[in-house]
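For reference, the structure discussed in these notes is given below.
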Amino acid sequence: MLTSICGINWGDEGKGRMVDLLSGKFDIVCRYQGGNNAGHTVKNERGEFILNLLPSGILRPEVVNVMGCGMVIDIKHLCGEIQRLRDKGIEITPDNLKISDKAVITMPYNVLQDIMEEDRLTKATGKPYGSTRRGIAPIYADKYMKKAFRMGELLKPELMYKRLPDIVAWKNMTIKAYGFEPVTVDAMTDYFETYGKPLAKYVTDTGVFLNSAHDAGKSIMFEAQLGALRDIDYGIVPYTSSSSTIAAYAPIGAGVPNLKLDQSIGIMKAYSSCVGEGPFTCEYFGEKAEKLRAAGHEYGAATGRPRRVGPFDVVASRYGIRCQGADDIALTKLDVLDDYEEIEICTRYELNGELIDDFPFTDVLDECKPYIETVPGWHCDISACRKKEDLPREALDYIALLEKLCSCRIKYVSVGPERDAYIEIY
9 MLTSICGINW GDEGKGRMVD LLSGKFDIVC RYQGGNNAGH TVKNERGEFI LNLLPSGILR
69 PEVVNVMGCG MVIDIKHLCG EIQRLRDKGI EITPDNLKIS DKAVITMPYN VLQDIMEEDR
129 LTKATGKPYG STRRGIAPIY ADKYMKKAFR MGELLKPELM YKRLPDIVAW KNMTIKAYGF
189 EPVTVDAMTD YFETYGKPLA KYVTDTGVFL NSAHDAGKSI MFEAQLGALR DIDYGIVPYT
249 SSSSTIAAYA PIGAGVPNLK LDQSIGIMKA YSSCVGEGPF TCEYFGEKAE KLRAAGHEYG
309 AATGRPRRVG PFDVVASRYG IRCQGADDIA LTKLDVLDDY EEIEICTRYE LNGELIDDFP
369 FTDVLDECKP YIETVPGWHC DISACRKKED LPREALDYIA LLEKLCSCRI KYVSVGPERD
429 AYIEIY
């Protein structure tokens, strides 16, 4: 069984929490794209964990975790993340963590480039892209310009060090143009020596490993970062990530392009949230936003930034479901709406005086207004519910309405951050 767990909206849907829950049914969990520019917050009986790079299955000792070739890996950050987990008693060895030799290494100069450009945009236009300033766009650019280092090169450092001077010289042309001090070959060599060597033992051909596991009948879960609306092709460009966040890319980014998915499970919240810049049609402001943000503890796991929030957006969600090819939905944070007498839903967009149902091209999103409908809330605590029958009628009606409007079955509903705080509807 090959299953993808993917985000339906702008990211931050609660994928890490659902991967942690569902990973108990899988032998392998594989991250297939992105870097440390987003975080998955997982809370279980072992504590609360924020994972930026490591697959969320790392918290289960019986699960093998793979970091696929579609990822960009800040090796300094990864070393720190591994140590933080070890400090909390999580064992990490080459038996339960395997890093693709084809995954790309995020360099310090990539982070510097990201910061320089965001600062330039802020000063020049007042409209930065909303980057996490962790070097993601620059390193993906390097990858496609064939000027990036790959994890497999850590196993043959002499070849890597031959390329290093030319690449540093090339990068410094850009860095100096921004008015910053150039980086040095010695500093980049120290970076590899300090943070690359400890990771070399985890590096392998994950394509060979995953194909062998599949042939042996092992079940594999592919874990995405961010959501469909942050995809480099199908998202709200330019306010996107720089990788493909959609489920169809999972086998490619994992290292097994020859395999096909059996199932795509989309994750979406019972309301809307968004970190970063860009159009967000259903956004709340003022007291409405503060109430929902506080109830949902909506702050970015990677950045700590307050998330923008709003009602459930049917137009964006239906588009995301189509992009992800979702067979089933896991609806998260339903309990956040416990205190609402009435719940708003953005069912359509208004554009130039007309109501539209399809998600439009990014350039006209700022001209769209949300068309809001309301439904009765349940106004009671549902966090202890564990069966469908435990939920109040109004909560069941809300789930059924979202299912109908989005044309996709809602199989799981989470009612709290704990591992067991969920309901299987079907």
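In terms of this note's numbering, the sequence shown opens at residue 9 and continues consecutively.
For glycine and all other residues, C-beta sits at the position ideal for the given N, C-alpha and C.
None of the values given here were measured: they were computed from a predicted structure.
When you compare only the Cα positions, how much space is there between Glu38 and Leu30? The amino acid at residue 38 is misidentified as Glu; the sequence shows Cys. Cα to Cα, Cys38 sits roughly 13 Å from Leu30.
Quick one: residues in its chain with C-beta nearer than 6 Å to the C-beta of Cys290, no 5 flanking neighbours on either side, listed in chain order? Taken in chain order, the residues that qualify are Ser280, Gly318, Pro319, Asp321, Cys354 and Pro378.
Taking the C-alpha atoms as reference points, what is the distance between Asp343 and Glu352? 15 Å
Is His222 helix, strand or coil by DSSP? Correct three-state label for His222: helix.
Determine contact between the segment 103-121 and the segment 138-156, defined as no fewer than three beta-carbon pairs at a distance below 8 Å. yes
Once you ignore the five residues that flank Cys416 on each side, which residues in its own chain have a CB closer than 6 Å to its CB? Ile329, Ala334 and Ile337
With burial defined as no fewer than 16 other Cβ atoms inside 10 Å of the residue's Cβ, what is the status of Val216: buried or exposed? exposed
I need the boundaries of the beta strand (DSSP E) containing Tyr87, first residue and last residue. This sequence places Cys at residue 87; Tyr is not what is there. Here Cys87 belongs to no beta strand (DSSP E); instead the alpha helix (DSSP H) covers Ile83 to Asp95.
Enumerate in chain order the residues of its own chain whose CB-to-CB distance from Glu358 is below 7 Å, with the five nearest sequence positions on each side excluded. Cβ neighbours of Glu358 beyond the five flanking positions: Cys376, Lys377 and Tyr379.
With distances taken from CA atoms, which of Asp223, Lys268 and Glu285 is nearest Ser249? Taking only the C-alpha atoms, the option nearest Ser249 is Glu285.
Pair every Cβ in the segment 73-92 with every Cβ in the segment 199-208, then say whether three or more of these pairs are closer than 8 Å. yes
By Cβ distance, which residues of its chain are closer than 8 Å to His222, with the 5 residues on each side in sequence left out? Leu10, Ile228, Val264 and Leu267
DSSP on Val264, reduced to helix/strand/coil? Reduced to three states, the DSSP call for Val264 is coil.
Sufficient close CB pairs (3 or more, under 8 Å) joining the segment 168-180 to the segment 126-143: no
Evaluate contact between the segment 63-83 and the segment 91-107, counting only Cβ atoms and requiring at least three cross-stretch pairs below 8 Å. The answer is yes - the segment 91-107 touches the segment 63-83, with three or more Cβ pairs under 8 Å.
Should Asn382 go down as buried or exposed, given a rule of 16 or more other Cβ atoms within 10 Å for buried? Asn is not the amino acid found at residue 382; the sequence shown has Thr there. With fewer than 16 Cβ atoms within 10 Å of its Cβ, Thr382 is classed as exposed.
Between which residues of its own chain and Gly385 is the CB-CB distance below 7 Å, once the five residues before and five after are set aside? Leu345, Tyr348, Glu349, Glu350, Ile351 and Glu402
C-beta contact flag for Gly243 and Ile16 at 8 Å: Not a contact, by the Cβ cut-off of 8 Å.
Close Cβ partners of Val323 (< 6 Å) along its chain, the five nearest in sequence each way excluded: Tyr357 and Phe367
Compare the C-alpha of Asn52 against each of Asn44, Lys33, Asp35 and Met26 and name the closest. Met26
Exposure label - Gly225; buried when at least 16 CB within 10 Å: exposed
Could you tell me if Trp18 is buried or exposed, where buried requires 16 or more neighbouring beta carbons within 10 angstroms of its beta carbon? Per the 10 Å Cβ criterion, buried.
For Arg394, count neighbouring C-beta atoms within 10 Å of its own C-beta (all shown protein chains included) and say buried if the count is 16 or more, exposed if not. Under this definition Arg394 is an exposed residue.
Under the rule that 16 or more other beta-carbon atoms within 10 Å means buried, what is Pro146, buried or exposed? Classification of Pro146: buried, given that the 10 Å Cβ count is 16 or more.
For Lys277, the three-state DSSP class (helix, strand or coil): strand
Considering Asn52, what are the terminal residues of the beta strand (DSSP E) in which it resides? His48 to Asn52
For Lys155, tell me which candidate among Cys87, Leu172, Lys164 and Gly143 has the shortest Cα-Cα distance. Leu172
Nearest candidate by alpha-carbon position, reference Ile58, set Leu93, Lys412 and Lys184: Leu93
Presumed contact (8 Å Cβ cut-off) between Ala278 and Leu339, rounded CB distance: About 6 Å separates the CB atoms of Ala278 and Leu339; that is less than 8 Å, so the two are in contact.
Kindly list the residues whose CB is nearer than 6 Å to the CB of Gly78, restricted to its own chain and excluding five residues on each side of it in sequence; keep chain order. Tyr40, Gln41 and Gly261
Excluding five sequence neighbours on each side, which residues of the same chain lie with their C-beta closer than 8 Å to the C-beta of Lys341? Gly22, Lys277, Ala278, Tyr279, Gly304 and Ser422
How far does the beta strand (DSSP E) with Asp122 in it reach, from first residue to last? Note, Asp122: premise wrong, no beta strand (DSSP E); alpha helix (DSSP H) at Pro116 to Ala132.
Is it true that the CB of Val74 sits closer than 8 Å to the CB of Asp35? 8 Å or more divides the Cβ of Asp35 from the Cβ of Val74.
Give the straight-line distance between the Cα atoms of Leu410 and Val176, rounded to the nearest whole angstrom. 52 Å
Tyr137 and Tyr247 look like a contact to me (Cβ under 8 Å); what is the Cβ gap, rounded to whole Å? 6 Å
Can you find the residues in the same chain that come closer than 8 Å, C-beta to C-beta, to Phe188, ignoring five residues on each side of it along the sequence? Leu120 and Met124
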